[in-house]
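Residue numbers (my numbering): 5 to 114.
Every residue gets a Cβ at the ideal spot worked out from N, C-alpha and C, and that includes glycine.
Contents: one structure, followed by commentary.
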C-alpha cells in the first residue's frame, strides 16, 4: 500500500496486497487519515469484482458519515453494477471532481 497526501486528500494506491488485505490495512491505519478525503486507487488491478468493491463498504460508510469523501478508482468494473452507497469512478481526475463537488455540497450545508 502506498499512501500519498495531496492537501486534505489521502490517496491510497494498491500495490501487491489482495483487496481484503488492503481493506484491513486501511482500517488499521484509519486514524492517520480519518479527517481527510480518501481516494483508493485500484487502477493497477486488471480484475476487480463486485465483491471486491463491497469489501470497502463499511469503511466507506463510516468515512462518509463523518462528512468526508471516499472514492474508489478503477476501470476494471462496470460502475452501474456497484452499490449506490459507494462511489466508484474510472479515473483519478473524476475522483478529484467528485471530492470537489462533495466539498461544495458540504459548504452549502447539504
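Nonlocal neighbours in the same chain, by C-beta distance under 6 Å from residue i, ignoring five residues either side
{"i": "residue 58", "result": "none"}
{"i": "residue 56", "result": "23"}
{"i": "residue 96", "result": "77"}
Reference residue i, options the options, closest by Cα
{"i": "residue 63", "options": "6, 29, 112, 84", "result": "29"}
{"i": "residue 109", "options": "87, 93, 86, 73", "result": "73"}
{"i": "residue 65", "options": "88, 33, 5", "result": "88"}
Residues near residue i in its chain [Cβ-Cβ closer than 7 Å; skip 5 each side]
{"i": "residue 13", "result": "40, 41, 43, 103"}
{"i": "residue 49", "result": "18, 78, 80"}
{"i": "residue 60", "result": "27, 44, 76, 90"}
Residues that residue i bridges to, as DSSP identifies them
{"i": "residue 12", "result": "BP columns for residue 12 are empty, so no partner."}
{"i": "residue 93", "result": "77"}
{"i": "residue 7", "result": "16"}
Own chain partners of residue i with C-beta closer than 8 Å, once the 5 adjacent residues on each side are dropped
{"i": "residue 86", "result": "54, 57, 92"}
Chain D contact for residue i (CB, 7 Å cutoff)
{"i": "residue 71", "result": "Absent from the structure is chain D; it holds one protein chain and no more."}
Burial state of residue i, where buried means 16 or more other Cβ atoms lie within 10 Å
{"i": "residue 15", "result": "buried"}
Contained alpha helix (DSSP H) runs [length at least 4] in the stretch 14 to 54, N- to C-terminal order: If you keep only unbroken alpha helix (DSSP H) runs of at least 4 residues inside the stretch 14 to 54, you get 23 to 37.
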